[in-house]
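Peer 1: Those protein sequences? They're chains A and B, same order as listed. Residue numbers for the first sequence, in our numbering: 2 to 340. Residue numbers for the second sequence, in our numbering: 98 to 599. The beta-carbon is built from N, C-alpha and C at its ideal position, and this holds for glycine as well.
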Amino acid sequence: MTAPDRLRLASLGLHPDRVRTLLVEWGNARAVLRAVERGQIEVSQAIRDRLDHDPADAARRAGADIVYREDLPDALAGLPDAPDLLYVRGVLSDRPGVAIVGSRRATSYGLRLARSFGRAVAGAGWPVISGLARGIDGAAHIGCLDGGGVGLAVLGCGVDVAYPREHRDLAARLLDGGGGVVSEYAPGARPEPWRFPPRNRIISGLASVVVVVEATVKGGALITAARALEQGRYVLAVPGDVDRETSRGCNLLIRDGAHPVLDVDDLLTSLTFALGLPPNRPPSANGDDPILRLLRGGGITLEALAVALGCSAPETIRRVSLLEAAGSVRKEGGVVSAR
Amino acid sequence: MCVAVVPYGVGMFASIASTALVGVDTRPVQVEVHAGQSRRASFSIVGLPDTAVREARERVLSALASSRFHVPAGRITVNLSPADLPKAGSAYDLPIALGTLVATGQVKPEATRVVALGELALNGDVRSVRGGLGAALVARGMARPCILAPDAAGEARRVPDSDVRGAANLVEAVGVALGRSPGTAVEPKPAPLVDRIPDLADVRGQLVARRALEVAAAGGHHLLMSGPPGAGKTMLAATLPSLLPPLTEEEALEVSLVWGAAGLARAGSLTPPFRSPHHTATVAAMVGGGSGMPGPGEVSTAHRGVLFLDELGEVPGRLLDALRQPIEDGHVTIARRGHTVRFPSAFQLVAATNPCPCGFENDRLVGCRCTETAKERYRSRFSGPFLDRFDMRVRVERLDLEAMTGPPGETSIEVKRRVLAARARQEERGTLNRLLQRRHLDEQTYTAGATRLLASAVDRFQLTARGWDRVRRVARTVSDLAGCDEVDESAVAEALGYRKSL
Numbered sequence: 002m003t004a005p006d007r008l009r010l011a012s013l014g015l016h017p018d019r020v021r022t023l024l025v026e027w028g029n030a031r032a033v034l035r036a037v038e039r040g041q042i043e044v045s046q047a048i049r050d051r052l053d054h055d056p057a058d059a060a061r062r063a064g065a066d067i068v069y070r071e072d073l074p075d076a077l078a079g080l081p082d083a084p085d086l087l088y089v090r091g092v093l094s095d096r097p098g099v100a101i102v103g104s105r106r107a108t109s110y111g112l113r114l115a116r117s118f119g120r121a122v123a124g125a126g127w128p129v130i131s132g133l134a135r136g137i138d139g140a141a142h143i144g145c146l147d148g149g150g151v152g153l154a155v156l157g158c159g160v161d162v163a164y165p166r167e168h169r170d171l172a173a174r175l176l177d178g179g180g181g182v183v184s185e186y187a188p189g190a191r192p193e194p195w196r197f198p199p200r201n202r203i204i205s206g207l208a209s210v211v212v213v214v215e216a217t218v219k220g221g222a223l224i225t226a227a228r229a230l231e232q233g234r235y236v237l238a239v240p241g242d243v244d245r246e247t248s249r250g251c252n253l254l255i256r257d258g259a260h261p262v263l264d265v266d267d268l269l270t271s272l273t274f275a276l277g278l279p280p281n282r283p284p285s286a287n288g289d290d291p292i293l294r295l296l297r298g299g300g301i302t303l304e305a306l307a308v309a310l311g312c313s314a315p316e317t318i319r320r321v322s323l324l325e326a327a328g329s330v331r332k333e334g335g336v337v338s339a340r
Numbered sequence: 098m099c100v101a102v103v104p105y106g107v108g109m110f111a112s113i114a115s116t117a118l119v120g121v122d123t124r125p126v127q128v129e130v131h132a133g134q135s136r137r138a139s140f141s142i143v144g145l146p147d148t149a150v151r152e153a154r155e156r157v158l159s160a161l162a163s164s165r166f167h168v169p170a171g172r173i174t175v176n177l178s179p180a181d182l183p184k185a186g187s188a189y190d191l192p193i194a195l196g197t198l199v200a201t202g203q204v205k206p207e208a209t210r211v212v213a214l215g216e217l218a219l220n221g222d223v224r225s226v227r228g229g230l231g232a233a234l235v236a237r238g239m240a241r242p243c244i245l246a247p248d249a250a251g252e253a254r255r256v257p258d259s260d261v262r263g264a265a266n267l268v269e270a271v272g273v274a275l276g277r278s279p280g281t282a283v284e285p286k287p288a289p290l291v292d293r294i295p296d297l298a299d300v301r302g303q304l305v306a307r308r309a310l311e312v313a314a315a316g317g318h319h320l321l322m323s324g325p326p327g328a329g330k331t332m333l334a335a336t337l338p339s340l341l342p343p344l345t346e347e348e349a350l351e352v353s354l355v356w357g358a359a360g361l362a363r364a365g366s367l368t369p370p371f372r373s374p375h376h377t378a379t380v381a382a383m384v385g386g387g388s389g390m391p392g393p394g395e396v397s398t399a400h401r402g403v404l405f406l407d408e409l410g411e412v413p414g415r416l417l418d419a420l421r422q423p424i425e426d427g428h429v430t431i432a433r434r435g436h437t438v439r440f441p442s443a444f445q446l447v448a449a450t451n452p453c454p455c456g457f458e459n460d461r462l463v464g465c466r467c468t469e470t471a472k473e474r475y476r477s478r479f480s481g482p483f484l485d486r487f488d489m490r491v492r493v494e495r496l497d498l499e500a501m502t503g504p505p506g507e508t509s510i511e512v513k514r515r516v517l518a519a520r521a522r523q524e525e526r527g528t529l530n531r532l533l534q535r536r537h538l539d540e541q542t543y544t545a546g547a548t549r550l551l552a553s554a555v556d557r558f559q560l561t562a563r564g565w566d567r568v569r570r571v572a573r574t575v576s577d578l579a580g581c582d583e584v585d586e587s588a589v590a591e592a593l594g595y596r597k598s599l
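#1: How many Å lie between residue 67 of chain A and residue 21 of chain A at the Cα?
#2: Quick check on this structure: which residue in B:160, B:201, B:138 and B:161 has the alpha carbon closest to the alpha carbon of residue 112 of chain B?
#3: Taking residue 596 of chain B as the reference, give the member of B:584, B:560 and B:459 with the closest Cα.
#4: Considering residue 318 of chain A, what are the terminal residues of the beta strand (DSSP E) in which it resides?
#5: Would you list, in sequence order, the uninterrupted alpha helix (DSSP H) runs of no fewer than 4 residues that lie entirely inside the stretch 317-361 of chain B?
#6: Could you give the residue range of the beta strand (DSSP E) that holds residue 250 of chain A?
#7: Relative to the alpha-carbon of residue 204 of chain B, which residue among B:268, B:124, B:420 and B:312 has its alpha-carbon at the smallest distance?
#8: Rank A:151, A:184, A:173 and A:86 by C-alpha distance to the C-alpha of residue 122 of chain A and give the top, closest one.
#9: Taking only runs of the alpha helix (DSSP H) that begin and end inside the stretch 253-288 of chain B, which ones reach a length of at least 4 residues, in chain order?
#10: DSSP three-state label for residue 243 of chain A, please.
#11: Check whether the Cβ of residue 321 of chain B sits closer than 7 Å to any heavy atom of the ligand ADP, and report yes or no.
#12: Closest by CA to residue 268 of chain A, which one among A:71, A:226, A:118 and A:45?
#13: Please name the residue, chosen from B:489, B:314, B:572 and B:460, that lies closest to residue 328 of chain B on a Cα-to-Cα basis.
#14: Where does residue 614 of chain B land, buried or exposed, given buried means 16+ other C-beta within 10 angstroms?
#15: Does the pairing of the stretch 96-104 of chain A with the stretch 428-440 of chain B give three or more beta-carbon distances under 8 Å?
#16: Can you list, in chain order, the residues of its chain with a C-beta nearer than 6 Å to that of residue 322 of chain B? Leave out the 5 residues immediately preceding and following it.
#17: Does DSSP put residue 602 of chain B in a helix, a strand or coil?
#18: Just tell me which of B:272, B:275, B:247 and B:179 has its CA closest to the CA of residue 282 of chain B.
#19: Using the Cβ count rule (16 or more neighbours within 10 Å means buried), how would you classify residue 252 of chain B?
#20: Does residue 273 of chain A have its Cβ less than 8 Å from a Cβ in chain B?
#21: Please list, in chain order, all residues of the same chain as residue 30 of chain A whose beta carbon is under 6 Å from its beta carbon, the five residues on each side excluded.
#22: In its own chain, which residues sit with a C-beta less than 6 Å from the C-beta of residue 472 of chain B, not counting the 5 before and 5 after it?
#23: Quick one: what does DSSP say residue 22 of chain A is sitting in, helix, strand or coil?
#24: Is there a C-beta anywhere in chain A that falls below 8 Å from the one on residue 547 of chain B?
#25: Just to confirm my understanding: we take residue 488 of chain B, look at its own chain, exclude 5 residues before and 5 after, and list those with CB closer than 7 Å. What are they?
#26: Provide the residue(s) that pair with residue 184 of chain B in DSSP beta bridges, ordered along the chain.
#27: Tell me, please, which residues DSSP counts as bridged to residue 436 of chain B.
#28: When the cut-off is 8 Å and only beta carbons count, does residue 103 of chain A lie next to chain B?
#29: Terminal residues of the continuous alpha helix (DSSP H) containing residue 544 of chain B?
#30: Are residue 108 of chain A and residue 215 of chain A touching if we call contact CB-CB under 8 Å?
#31: Return the CA-CA distance between residue 178 of chain A and residue 303 of chain A, expressed in angstroms with no decimal places.
#32: Taking the beta strand (DSSP E) that residue 332 of chain A falls in, what are its first and last residues?
#33: Among residues of its own chain, excluding the 5 on either side of residue 203 of chain A, which ones have a beta-carbon nearer than 6 Å to its beta-carbon?
#34: Return no unless some Cβ of chain A is closer than 8 Å to the Cβ of residue 484 of chain B.
#35: Expressed to the nearest angstrom, what Euclidean distance is found between the alpha-carbon atoms of residue 327 of chain A and residue 148 of chain A?
#36: Out of B:325, B:476, B:160 and B:506, point me to the one whose CA is closest to residue 495 of chain B's CA.
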């Protein structure tokens, strides 16, 4: 066995909390491993089998670098429950980042906001951190890519495991965009439910600000928010209808003192308080086109746009298409909005 | 030399022409009747008859008796030829009766020089059956008179240069067949040349949807409308026939033949048909088929007109799959043991759907309560290849009070004038824009601006090759509406606007 003991211990697949307790109990990774080998620590057969694997080789095959605790960004490394190491594909940025998290079962309201937040944060030059899950996480990552930003995905499975499957391309695009995909679980680790709550402490740990876009009362997003508060991070939440299941968690956070996010500009203002001036200057809005001026109040249907402009339908459709092709507006579900 | 004179001869034979519907085609059928001597009376029908044809025996014998003819006492054999053509229904009663009368010597052989088609009532009355129009066409080809029930005769007279005569009962039919009686034809109710259909002027507001309808009508493009419940999608779709060019006499006859095969009457209306089958329709009802001789389905009764599918999200996948061939090929082929029938199905497809399960996604007033997962599931119901058939997609909004009480828009006639001009340009080129293939699209002239915009659209909107063709097809139509030979930037820009609505 050439791999260092700490890597071997991490690759066994024990619950992160158990690893931490064992390290306290036995002193160091080597002692823990020896105890496992001798049967002084009771583990399942599957874990015992992994004692013989070469973890360094598995990491190489997954294309992952290993970053030990002492090399992790200080914000994360300083936490009492920081992981002993992370598997990293791509780049693990140590600039302060913004986590955008929320429910997997999101509504279009949440998805739209998550995406535009991701875009705005990326545009301002801050890394966007999320969990690559379906719903809000994915939308935030996509928004980040829209804005040409650096994205970081923290997984609840091995960095080489495509989960959720439909986000396999998204992960690849994050890497292409100079971002990273990280996990404390060894390559090949399946996305088992117990892996996700510990994962959330890493998301909030890597971020300076956590924005919760949509969350149910029992969802993982609230766990992330709770960990963020323990870790002393800023928590922002997006208010929503009080009778909508997917907004209850956020509204609860706001009642308990989280700062509400009112719109993209408000988010950027709040972030500036927390993180200082954005690295990038915001692009100046093009105010010449009357359509863009109308869109400042939010999305509007083609029909309403034609009426407001006093233009014929073909003329309106043409102008919107040209703006769309130029990338200044987008049309989704019949609603035109500024990008 | 001695000829035995017996009431109905020894081995006397008669053959009368009739017709069979195969799909919408009408094929000649010979009804051969042989009267032989036998101590026991018998009457048998051979030649692939179905139950209704076999029962002709009871109707014919009763009708003969009611009409005071002799009921044959010997052995009567009826053969329907060609035997491999399946014959269905009661349409052969009349030719069988005429043939029997000739074969038994009760009527002169001259009476066989006709084409006859009709059901006999037990009292000898002639009733109309499907396929009268086709019988008239066949009779014209054989240069013979065609005998039908009076109302069927009235309709079949639309076939030019035909000699169609109506007969109210068997006795009159004999007179007509012998040329002694002119027959009685009942003129069908004069068909309104244009049906009463909703006019675009009845639609308030909806600037964008109206324009989309105009473009769709001009190029014959399949159109998908999405919007919240109550936005008026059905109403908009129903106005489409009022924007389309009227059928020519020839096309109207073709449509009537299909409708006739489906057992529907359609007089001589020149308005393109509008069919809106419910989403619970069976595959057979939609594309044709059914037991026995296959009949045309909704896609064929919509031939040369509009097929409207409401609630596309509720239409089962197998129905959508079944629709793909008729949409693609313009006809339906149904294979059965021993024969294949083909129904035309060149229709324009208009479909409507709610944008999401609750219907209120992106609505101005009502909030949508669907999760993205639920919406994803809803959209995945209509398959990608099916959605690909729609050149145009448009979003229909619910009206606000202002638009509802506002002035009516243009009438259908005004819009139709522009549609006709655009269609004329397409006719010069030789192809309806909906049918333009990539090769044709490549041949069109595009201005530099149009080419540039198309290229940037491929990048920006991630257009697929098919999507790119769709945009170019619609852009061609927009240019035709504007009276331009070249496709310019503004036409492409408008076409891009009809790219997506879901």
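Peer 2: Once the coordinates are examined:
#1: Their backbone Cα atoms lie some 18 Å apart in a straight line.
#2: Residue B:201 holds the alpha-carbon nearest to the alpha-carbon of residue 112 of chain B among B:160, B:201, B:138 and B:161.
#3: The residue with the shortest Cα to Cα distance from residue 596 of chain B is B:560.
#4: Residue 318 of chain A -> not in any beta strand (DSSP E); alpha helix (DSSP H) instead, spanning 314-326.
#5: Within the stretch 317-361 of chain B, the complete alpha helix (DSSP H) segments of 4 residues or longer fall at 330-335 and 346-358, listed in chain order.
#6: For residue 250 of chain A, no beta strand (DSSP E) encloses it; the enclosing alpha helix (DSSP H) starts and ends at 246-256.
#7: Closest option to residue 204 of chain B, Cα to Cα, is B:268.
#8: It is A:151 whose Cα lies nearest to the Cα of residue 122 of chain A.
#9: Here the runs fully enclosed are 267-274.
#10: In this structure, residue 243 of chain A counts as coil in the three-state DSSP scheme.
#11: This structure does not include the ligand ADP; it has no bound ligands of any sort.
#12: The residue from A:71, A:226, A:118 and A:45 with its alpha-carbon nearest to that of residue 268 of chain A is A:118.
#13: Closest option to residue 328 of chain B, Cα to Cα, is B:460.
#14: Outside the shown range of chain B, which is 98 to 599, sits residue 614 of chain B, and nothing can be said about it.
#15: The stretch 96-104 of chain A is not in contact with the stretch 428-440 of chain B.
#16: If you ignore the 5 residues before and after residue 322 of chain B, its C-beta comes within less than 6 Å of the C-beta of 330, 449, 491 and 493, all in its own chain and listed in chain order.
#17: Summary: the structure shown does not reach residue 602 of chain B, with chain B confined to residues 98 through 599, and so no result is reported for it.
#18: Nearest neighbour of residue 282 of chain B by Cα position, chosen from B:272, B:275, B:247 and B:179, turns out to be B:247.
#19: Label assigned to residue 252 of chain B: buried.
#20: Not an interface residue.
#21: The residues are 6, 7 and 10.
#22: Correct list, in chain order: 453.
#23: Secondary structure at residue 22 of chain A: helix, using DSSP grouped into helix, strand and coil.
#24: Look at residue 547 of chain B: its C-beta is not under 8 Å from any C-beta on chain A.
#25: Answer for residue 488 of chain B: 318, 319, 531, 567, 570 and 571, listed in chain order.
#26: Residue 184 of chain B pairs with B:146.
#27: DSSP output for residue 436 of chain B lists B:433 as bridge partner(s).
#28: No - not a single Cβ of chain B is within 8 Å of the one on residue 103 of chain A.
#29: No alpha helix (DSSP H) holds residue 544 of chain B; DSSP gives it neither H nor E.
#30: Yes, the pair counts as a contact, with Cβ atoms nearer than the cut-off.
#31: When rounded, the distance between both Cα atoms is 34 Å.
#32: Counted as a single uninterrupted DSSP element, the beta strand (DSSP E) harbouring residue 332 of chain A occupies residues 330-333.
#33: Cβ neighbours of residue 203 of chain A beyond the five flanking positions: 155.
#34: Interface with chain A (8 Å Cβ-Cβ cutoff): residue 484 of chain B is excluded.
#35: The alpha-carbon of residue 327 of chain A is positioned some 15 Å away from that of residue 148 of chain A.
#36: Closest by C-alpha distance to residue 495 of chain B, out of B:325, B:476, B:160 and B:506, is B:325.
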